[in-house]
Amino acid sequence: MIIKNINFKYNDNEIYKNFNIEFKRGKINCIIGKSGCGKTTLLNYISQKYCFENKKIAFVFQNDNLIPWENIYVNLKIIAKQYFDKEKIEKEIDKILKDIGLIEFKNSYPNELSGGMRQRINFARALIGSPDIILMDEPFKSLDIKSKHEMINLVMELRKKSIVTIILVTHSIDEIIKLSDIVYLLGGRPVRILETAEGVKIKNIVENLYKSIDEFN
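Just so you know, we're using my numbering here: the sequence shown kicks off at 10 and counts up by one.
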């Protein structure tokens, strides 16, 4: 999955110039770098590019954006009806809710769920329709430690059942080490890839980077 010649300016600030990056298909590709370096801008570019190419793109944000006056089933149905025939919708939603361990909350409303549970629903929504690519922008940032670890474990389990390509932006050491198949460190102006790491080398890049956490964030 190669993306070439990205060019983007904000006012007179040149964020990307002839930027190229190759992501691993069917893997979790982790993008890291200082806040404001252009990581979210890259996700937005990818979403626009692949929508034009008729690829199925799903986004997982920090906020779940669930409709508060609709129950969980209806929140998921809004997305599911874009992909499934009417008679298949409930079956597909039930399957996804079982996969994330929340089938018993199918008829509950968002305000009846914890933050971690709502974020599970947020991730489940992204899985509907078997997307080609899931873009995740610091999705677990607002969660407590317990909920965050539960979400990390959930993503690790669900990716075993799917060959979806995930592109994850994060500052979290746990997420980088536990989830990433490959890490890209971005920085500079215009943005460039400062370093990449796969496998056992991921831990090395994290250790070097987080010698100064304040500088990274």
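Backbone N, C-alpha and C define an ideal beta-carbon position, used for all residues, glycine too.
Check whether residue i and residue j have beta carbons under 8 Å apart
i, j, result
"Asp141", "Lys64", "yes"
"Val200", "Tyr82", "no"
"Leu195", "Glu184", "no"
"Lys137", "Tyr92", "The sequence as given places Ile at residue 137; Lys does not occur at that position. In contact: Ile137 and Tyr92 (Cβ atoms closer than 8 Å)."
"Gln71", "Ser156", "no"
"Ile88", "Arg134", "yes"
"Lys187", "Ile154", "no"
"Phe132", "Val209", "no"
"Ile191", "Thr205", "yes"
"Pro119", "Leu163", "no"
"Ile37", "Ile175", "yes"
"Met10", "Phe32", "yes"
"Lys86", "Ile102", "yes"
Cβ neighbour criterion (16 or more within 10 Å) applied to residue i
i, result
"Ile172", "exposed"
"Glu159", "buried"
"Pro148", "buried"
"Val215", "buried"
"Arg129", "buried"
"Asn226", "Low confidence applies to Asn226: its pLDDT is 49, below 50, so where it sits in the model is not reliable enough to give any reading."
"Asp223", "A caution first: Asp223 carries a pLDDT of 49, below 50, which makes its placement in the model unreliable, though a value can still be read off. Result: exposed."
"Ser139", "exposed"
"Ser189", "buried"
"Asn84", "buried"
"Lys48", "buried"
"Gly35", "exposed"
"Gly42", "buried"
Test: residue i CB closer than 8 Å to a CB of chain B
i, result
"Leu51", "In the structure shown, chain B does not exist; there is a single protein chain."
Residue i - containing beta strand (DSSP E), residue span
i, result
"Asp146", "Ile142 to Asp146"
"Leu177", "Thr174 to Val178"
"Lys13", "Ile11 to Tyr19"
"Ile137", "Ile137 -> no beta strand (DSSP E), and no H or E assigned at all."
"Ile76", "First-last for Ile76: undefined, no H or E at that position."
"Val164", "Counting along the chain, Val164 falls outside any beta strand (DSSP E), though it belongs to the alpha helix (DSSP H) covering Ile154 to Arg168."
"Val200", "From DSSP, Val200 is part of no beta strand (DSSP E); its letter is neither H nor E."
"Phe68", "Ile66 to Val69"
Euclidean distance between Cα positions of residue i and residue j
i, j, result
"Ile40", "Leu144", "11 Å"
"Ile202", "Asp73", "30 Å"
"Trp78", "Ser56", "28 Å"
"Leu106", "Gly125", "14 Å"
"Ala67", "Asn213", "30 Å"
"Thr179", "Asp146", "7 Å"
"Glu207", "Tyr19", "32 Å"
"Cys46", "Gly197", "7 Å"
"Leu167", "Asp21", "42 Å"
"Lys100", "Asn14", "42 Å"
"Glu121", "Ser44", "33 Å"
"Met165", "Leu111", "17 Å"
"Phe17", "Asn116", "44 Å"
"Leu52", "Ile12", "12 Å"
"Lys97", "Thr50", "36 Å"
"Ser123", "Ile30", "37 Å"
Those residues which DSSP pairs with residue i across a bridge
i, result
"Val192", "Cys39 and Ala206"
First and last residue of the uninterrupted alpha helix (DSSP H) at residue i
i, result
"Lys26", "Element bounds for Lys26: not the alpha helix (DSSP H) but the beta strand (DSSP E), Asn22 to Glu31."
"Ile112", "Segment: none, Ile112 is in no alpha helix (DSSP H) and carries neither H nor E."
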